[in-house]
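S.K.:
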Amino acid sequence: MKKNITLDRFDLKILHALQDNGELSNQDLAEQVGLTAAPCSRRVKALEESGVIRDRVVRLNERSVGLNLFVILHISMDKHIPERFEAFERTIQTLPEVMECYLITGHDADYQLKVAVPDMDRYQDILLGKITRIQGVTGVKSSFIMRKVVDSTAVPLKYSAL
Numbered sequence: 001m002k003k004n005i006t007l008d009r010f011d012l013k014i015l016h017a018l019q020d021n022g023e024l025s026n027q028d029l030a031e032q033v034g035l036t037a038a039p040c041s042r043r044v045k046a047l048e049e050s051g052v053i054r055d056r057v058v059r060l061n062e063r064s065v066g067l068n069l070f071v072i073l074h075i076s077m078d079k080h081i082p083e084r085f086e087a088f089e090r091t092i093q094t095l096p097e098v099m100e101c102y103l104i105t106g107h108d109a110d111y112q113l114k115v116a117v118p119d120m121d122r123y124q125d126i127l128l129g130k131i132t133r134i135q136g137v138t139g140v141k142s143s144f145i146m147r148k149v150v151d152s153t154a155v156p157l158k159y160s161a162l
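Counting along the sequence shown from 1, when you hit position 124 you're at 124 in full-length UniProt numbering, and nothing is skipped either side.
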């Protein structure tokens, strides 16, 4: 966050509403949270400037754009040194098929990736042609996503201090 901000009940209502529907007009948002338009707009702007609202995005139906195969990869690295991790992370950020990348602990792997591709042939191209060629990658374990059970981008706000 850019600066500290104390969230009150109106801020939390705004955040809940925008997580449910990021396309709400300011007027509709204001009505939903019990404010008039001007104070609501000022609060949203403050939430954006403070970094609480990071960005607003459009979520696509992956299958409608030809992405039918989703893979969770566990990546093991040869050396646990900052330079190796930095190089891996720089490279992995250039691959548009990588939707998520986490440095993890408590597992046999160092990184967990979520990859989206049209089919197994494209997955093989990404895996063998790019990911396994990154310096320091010593192991990859792939798990294929069969079905999404929970598909949310909403952050649980019940832990926010008032």
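Where a beta carbon is used, it is the ideal one built from N, C-alpha and C, also for glycine.
No experiment lies behind these values; they were computed from the predicted model shown.
#1: Residue 164 by DSSP, collapsed to three states: which one?
#2: With a threshold of 7 Å on Cβ separation, who are the neighbours of Glu97 within its own chain once the five nearest residues in sequence on each side are excluded?
#3: Helix or strand or just coil, what does DSSP make of Gln112?
#4: Could you tell me if Val137 is buried or exposed, where buried requires 16 or more neighbouring beta carbons within 10 angstroms of its beta carbon?
#5: Note the first and the last residue of the continuous alpha helix (DSSP H) segment covering Leu47.
#6: Let me check one thing: in DSSP terms, what residues is Gly139 bridge-paired to?
#7: Output needed for Asp110: all residues of its chain with C-beta closer than 8 Å, excluding positions within five of it in sequence on either side, in chain order.
#8: In the structure shown, what three-state DSSP assignment does Glu97 receive?
#9: How would you label Leu60, buried or exposed, when you count the other beta carbons within 10 angstroms and need 16 or more for buried?
#10: Where Ser160 and Asn21 are concerned, what is the direct C-alpha to C-alpha distance, given to the nearest angstrom?
#11: Quick one: give me the first and last residue of the alpha helix (DSSP H) that Asn26 is part of.
#12: Let me know if Ala154 comes out buried or exposed under the rule of 16 or more other beta-carbons within 10 Å of its beta-carbon.
#13: Tell me which residues share the same chain as Leu29 and place their Cβ nearer than 8 Å to its Cβ, disregarding the 5 neighbours each side in the sequence.
#14: At the level of alpha carbons, what is the spacing between Leu73 and Leu157?
#15: How would you call Val71, buried or exposed, if buried means at least 16 neighbouring beta carbons within 10 angstroms?
M.R.: Put simply:
#1: As shown, the chain starts at 1 and ends at 162. That puts residue 164 outside it, with no answer to give.
#2: Hits under 7 Å: Val115, Ala116, Val117 and Ile126.
#3: In the three-state reduction of the DSSP assignment, Gln112 falls in the strand class.
#4: Buried is the call here.
#5: Looking at the DSSP string, the run of the alpha helix (DSSP H) that includes Leu47 is Ala37 to Ser50.
#6: In DSSP, Gly139 forms a bridge with Ser76.
#7: Around Asp110, the same chain offers Ile75, Ser76, Met77, His80, Phe85, Leu103 and Ile104 as residues with beta carbons nearer than 8 Å, after the five sequence neighbours per side are excluded.
#8: Per DSSP, reduced to three states, the secondary structure at Glu97 is coil, with no helix or strand assignment.
#9: Classification of Leu60: exposed, given that the 10 Å Cβ count is below 16.
#10: Ser160 and Asn21 have their C-alpha atoms spaced approximately 20 Å apart.
#11: Per DSSP, the unbroken alpha helix (DSSP H) holding Asn26 starts and ends at Asn26 to Val33.
#12: Exposed is the call here.
#13: For Leu29, where only same-chain residues beyond five positions count, the Cβ hits under 8 Å are Ile14, Ala17, Leu18, Cys40 and Val44.
#14: Rounded to the nearest whole angstrom, the C-alpha separation of Leu73 and Leu157 is 29 Å.
#15: Buried is the call here.
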